[in-house]
Amino acid sequence: MSEVATVNPDEIVNSGKEKGNARWLLKYAALFLGELRDGLTMINMQSAFLIVSKNYQEKQAGILFFVFGMAQFLFQTPAGYIMDYSDKKIAWLSFAAVATTCLTIFTAIFAEDDGGNLGLMILVKLLQGAVTAMIPPGLNSITQGIVGAVGMTEQVSINEMMNHMGTAILVLVGSLVAFALYPDIGILFIVSPIACIAFLYFISRINPKDIDHDAARGLTLESKENAPSSPLSATSADATNSGDSVSTLGKKAIQTQPSFSFFGAQKSPEGESGALKADSPFQILRDPVLLLFILVCFLFHTANGTVLPLCMQSLAIGSGRSGILMSGLCIIIAQTFMVMSAKICGTYSKVYGRKTLFLIGLFSVPI
123 MSEVATVNPD EIVNSGKEKG NARWLLKYAA LFLGELRDGL TMINMQSAFL IVSKNYQEKQ
183 AGILFFVFGM AQFLFQTPAG YIMDYSDKKI AWLSFAAVAT TCLTIFTAIF AEDDGGNLGL
243 MILVKLLQGA VTAMIPPGLN SITQGIVGAV GMTEQVSINE MMNHMGTAIL VLVGSLVAFA
303 LYPDIGILFI VSPIACIAFL YFISRINPKD IDHDAARGLT LESKENAPSS PLSATSADAT
363 NSGDSVSTLG KKAIQTQPSF SFFGAQKSPE GESGALKADS PFQILRDPVL LLFILVCFLF
423 HTANGTVLPL CMQSLAIGSG RSGILMSGLC IIIAQTFMVM SAKICGTYSK VYGRKTLFLI
483 GLFSVPI
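Residue numbers for the sequence shown follow the working numbering, beginning at 123 and rising by one.
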């Protein structure tokens with residue numbers, strides 16, 4: 123005779139509280155992750171440091187950050203695959219944060235005057251680009267695992283607001299330090315390990331059990347804790363139908379395999395049972411709509427990505443101490459507007475649609 127599970131209703135209430143706590147911790151982790159994502163705003167503050175304090179030529183600084191950007195581009199897909207496959211998402215994201223902080227500090231300490239060890243710095247930026255490629259898919263997979271696809275838009279809006287706010291605050295601190303100590307501004311990099319420690323504190327307090335890995339991989343629309351059905355009734359029904367003995371309210375076993383397969387490998391059980399299953403990379407590359415959207419994003423970043431670094435370099439080179447402060451203000455003002463934009467997108471995307479807001483932002487760039 124099968125034994126029907128008995129579940130304490132307090133566990134259901136506590137589960138909801140823990141989920142809300144996870145969202146709160148995620149918000150403050152994102153606050154400090156903005157600085158770590160590019161290692162002290164990679165193409166901006168580091169560029170100014172190398173040009174002003176280490177007498178790098180603009181061409182040399184440009185080479186470094188070209189390598190960094192290309193490494194991010196090349197490793198973005200493998201990084202996403204790792205995050206999709208792994209059930210240790212918090213550990214991977216923490217590793218990426220620590221690694222990029224170490225490489226940022228390495229740059230500040232070991233970069234030689236006039237680009238004397240440019241080859242070593244190129245290798246450092248190659249590694250840093252590869253490591254930082256893990257941060258966006260890492261944060262997004264943890265977010266989706268906590269809130270599910272249904273709550274993703276709102277939570278990503280909150281994450282981005284905090285992300286840009288944190289960048290603005292830390293760049294303000296770094297700019298004031300650099301202004302006070304000009305021209306020896308290497309000490310501004312102290313904000314990087316401080317931000318890393320704060321990020322690790324908040325992200326480590328998230329209970330890994332709060333992350334639904336199927337929801338994080340897009341195989342379910344909602345995380346289990348956000349599902350509309352009652353956990354008590356669902357657990358009891360499963361126990362009754364299967365004849366299994368269940369003593370606690372818990373998640374099903376994590377499927378530690380990727381949600382897509384390469385080269386016709388065996389399909390996952392989820393796909394065969396009719397549940398949601400991710401497309402393979404080869405199926406994605408045959409989607410003309412997605413390819414067109416990728417091209418639009420590529421052209422957007424090609425145009426937009428050069429504006430801020432060029433402005434900052436011009437200010438930092440020609441204006442001395444005040445130029446460092448003004449170049450920092452370029453980031454602070456931009457990040458402040460990004461905070462407002464993230465809030466608008468999160469609030470009004472359900473009203474006006476994402477495409478409308480995206481086009482407004484796209485056409486505002488040349489203006």
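Heads up, the beta-carbon is just placed ideally off N, CA and C, and yes, glycines get one too.
Just so you know, these numbers come straight off a predicted model, no measurement behind them.
* Asked: Which residue comes first and which comes last in the alpha helix (DSSP H) that contains Phe-415?
  -> 410 to 426
* DSSP-derived helix/strand/coil call for Leu-242 -> helix
* Within 10 angstroms of the Cβ of Met-283, are there 16 or more other Cβ atoms? Answer buried if so, exposed if not. => buried
* Asked: Comparing alpha-carbon positions, which option in Phe-171, Glu-157 and Leu-148 lies nearest Arg-443?
  -> Phe-171
* Taking three-plus beta-carbon pairs below 8 Å as touching, is the stretch 218 to 228 in contact with the stretch 305 to 323? -> yes
* Cβ separation of Gly-251 and Gln-194, assumed to be a contact under 8 Å, to the nearest whole Å -> 4 Å
* Can you grab the Cα-Cα spacing for the pair Met-192 / Leu-421, in whole Å? => 15 Å
* Is it the case that the Cβ atoms of Arg-145 and Ile-244 are separated by a distance below 8 Å? -> no
* To do: Alpha carbon to alpha carbon, how far is Ile-257 from Ile-212? Give it in angstroms, no decimals.
  => 11 Å
* To do: Consult DSSP for Glu-180 and reduce its assignment to one of helix, strand or coil.
  => helix
* Please say whether Leu-451 and Ile-328 have beta carbons closer to each other than 8 Å? => no
* To do: Could you pull the start and end residues of the alpha helix (DSSP H) that Met-167 belongs to?
  => That residue, Met-167, is in no alpha helix (DSSP H); it is neither H nor E in DSSP.
* **the stretch 174 to 183 in contact with the stretch 296 to 307 per 3-pair CB rule at 8 Å** => yes
* Check each candidate in Ile-227, Gln-168, Thr-229 and Ile-204 and name the one with the smallest Cα separation from Ser-514. => With the chain represented from 123 up to 489, any question about residue 514 goes unanswered, as that position is not in the structure.
* Asked: In chain order, what residues of the same chain lie with their CB nearer than 7 Å to the CB of Ala-183, ignoring the 5 residues before and after it?
  -> Ser-169, Leu-172 and Ile-173
* Do you know offhand how far Met-274's Cα is from Leu-186's? -> 34 Å
* To do: Starting from the C-beta of Gly-202, find all residues in its chain whose C-beta is less than 7 Å away, skip the five residues before and the five after it, and write them out in chain order.
  => Pro-259
* Inter-residue Cα distance where the pair is Val-429 and Ala-456 -> 11 Å
* **Segment limits, alpha helix (DSSP H) that includes Arg-476** => 476 to 486
* **Same chain, Cβ closer than 6 Å to Lys-149, neighbours up to 5 away in sequence not counted** => Ile-280 and Met-284
* To do: Go through its chain and collect everything with a Cβ distance to Cys-467's Cβ below 7 Å, but skip five positions before and after it.
  => Ser-279 and Leu-479
* **Local Cβ density within 10 Å of Gly-372, reported as buried at 16 or more and exposed below that** => Residue placement at Gly-372 is poorly supported in this model, since its pLDDT is 42, which falls under 50; the coordinates are not used for a value here.
* Asked: For Leu-294, which residues of its own chain have a beta-carbon under 6 Å away from its beta-carbon, when the five flanking residues on both sides are left out?
  -> Ile-454
* **Alpha-carbon spacing of Ile-291 relative to Lys-477, whole angstroms** => 30 Å
* To do: Please report how far the alpha carbon of Gln-388 lies from the alpha carbon of Ile-325, in whole angstroms.
  => In this predicted model, Gln-388 has a pLDDT of only 40, less than 50, meaning its place in the structure is not dependable; the value taken from the coordinates is given anyway. Approximately 35 Å between the Cα atoms of the pair.
* **Gly-267, DSSP secondary structure in three states** => helix
* Give me the Cα-Cα distance between Gly-483 and Thr-469, rounded to the nearest whole angstrom. => 15 Å
* Measuring alpha carbon to alpha carbon, tell me which of Ala-233, Ala-271 and Val-487 ends up nearest Asn-426. => Val-487
* To do: State the DSSP-derived secondary structure class of Tyr-304, mapped to helix, strand or coil.
  => coil
* Leaving aside the five residues before and after Met-460 along the sequence, list all residues of the same chain whose C-beta is less than 8 Å from its C-beta, in chain order. => Glu-282 and His-286
* Asked: What separation, rounded to the nearest whole angstrom, lies between the Cα atoms of Leu-414 and Phe-404?
  -> 16 Å
* Asked: Is the CB-CB distance between Ile-491 and Phe-311 below 8 Å?
  -> Beyond the ends of the chain as shown, which are 123 and 489, falls residue 491; an answer cannot be given.
* **Proximity to Thr-289 [Cα-Cα], best of Leu-249, Ala-151, Thr-424 and His-423** => Ala-151
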